[in-house]
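Numbering (my numbering), first residue to last: 893 to 1077.
Take a look at the structure set out below.
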Ligand SMILES: Cc1cc2nc3c(=O)[nH]c(=O)nc-3n(C[C@H](O)[C@H](O)[C@H](O)COP(=O)(O)O)c2cc1C
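So, in structure tokens, the structure goes:
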């Protein structure tokens, strides 16, 4: 069982990274092997919609750091994507990753629907309901292609590491990690 974590915040000590690592910790405690990537440090180019992946067995033609991640993803049982909320959406760094996952979007092949996926967002606004439509949309889109475990939203985080004072969020993150590592098919 292998679970990969991907952090899409550019800040050092970001709340997003704390949450992703807590999910990975939960997975690790449940026996999973884990690996963590910081998207900000990776060279990930935008999807150019060339459709090469659709005629070449899900192989993306763009040569960049995604190639390593594609390999990891094939070998993994699931992955967690973390992002700060920027203007009501995931960060640009996280979106680059998501668009490039189109290479694996092939419901007929059924490759990905067994992969477990979790999302975690950190937002500054103390009211989660303000962005409910966006979080619901993330749930709906990812449920179509993956086994979505959960979307964890941590609210009211202004400074890097604020979430460390939020025991409820940390416990929830760990629980998600454990669930990712234990759900069997
Ligand atoms: C460009 C930018 C846009 C932001 N937009 C929002 C927003 O729409 N809603 C919100 O609640 N917080 C917003 N924030 C605040 C961040 O989401 C918040 O500080 C978050 O906890 C940062 O996560 P991090 O510590 O993982 O980087 C924004 C911050 C930046 C830099």
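For each residue, glycine too, the CB sits at the ideal point set by N, CA and C.
As the structure is a computational prediction, the values presented were derived from the model and not from experiment.
Query, Result
"Hey, quick one: how far does the beta strand (DSSP E) through residue 925 stretch, first residue to last?", "925-930"
"Taking the alpha-carbon of residue 1030 as reference, which of 1018, 1047, 1021, 1010 has the nearest alpha-carbon?", "1010"
"Ordered along the chain, which non-local residues of its own chain (more than five positions away) have a Cβ less than 7 Å from that of residue 1082?", "Absent from the structure is residue 1082, since the part of the chain shown begins at 893 and ends at 1077."
"Should residue 980 be labelled buried (16 or more other beta-carbon atoms within 10 Å of its own) or exposed?", "exposed"
"Under 6 Å from any heavy atom of ligand 1, by CB: list those residues in chain order, please.", "901, 903, 906, 907, 908, 976, 977, 978, 979, 980, 1014, 1015, 1016, 1017, 1049, 1050, 1052"
"DSSP state of residue 896, grouped into three classes?", "strand"
"Using the Cβ count rule (16 or more neighbours within 10 Å means buried), how would you classify residue 1036?", "exposed"
"Alpha carbons only, please: which of 969, 1014, 963, 945 is nearest the one belonging to residue 991?", "945"
"Is residue 1072 helix, strand or coil when you go by DSSP?", "helix"
"Give the C-beta separation of residue 1067 and residue 918 to the nearest angstrom, bearing in mind that I take them to be a contact with Cβ-Cβ under 8 Å.", "6 Å"
"When the distance is taken between beta carbons, is residue 1028 closer than 7 Å to residue 1008?", "no"
"For residue 1062 and residue 1034, what's the separation of their Cα atoms in angstroms?", "23 Å"
"Output needed for residue 994: all residues of its chain with C-beta closer than 6 Å, excluding positions within five of it in sequence on either side, in chain order.", "939"
"Using the beta-carbon count (16 or more within 10 Å), is residue 1077 buried or exposed?", "With a pLDDT of 48 at residue 1077, under the threshold of 50, the modelled position of this residue cannot be trusted, and the question is left open."
"Using CA atoms only, rank isn't needed, just tell me which of 1055, 1057, 1046 is closest to residue 977.", "1046"
"Run through DSSP, which three-state label would residue 954 get?", "coil"
"Look at the alpha carbon of residue 902 and the alpha carbon of residue 1022, and state the distance between them as a whole number of angstroms.", "23 Å"
"Using a Cβ-Cβ cut-off of 6 Å (strictly less than) and excluding sequence neighbours within five positions of residue 1053, which residues of its own chain qualify?", "905"
"Does DSSP classify residue 1007 as helix, strand or coil?", "coil"
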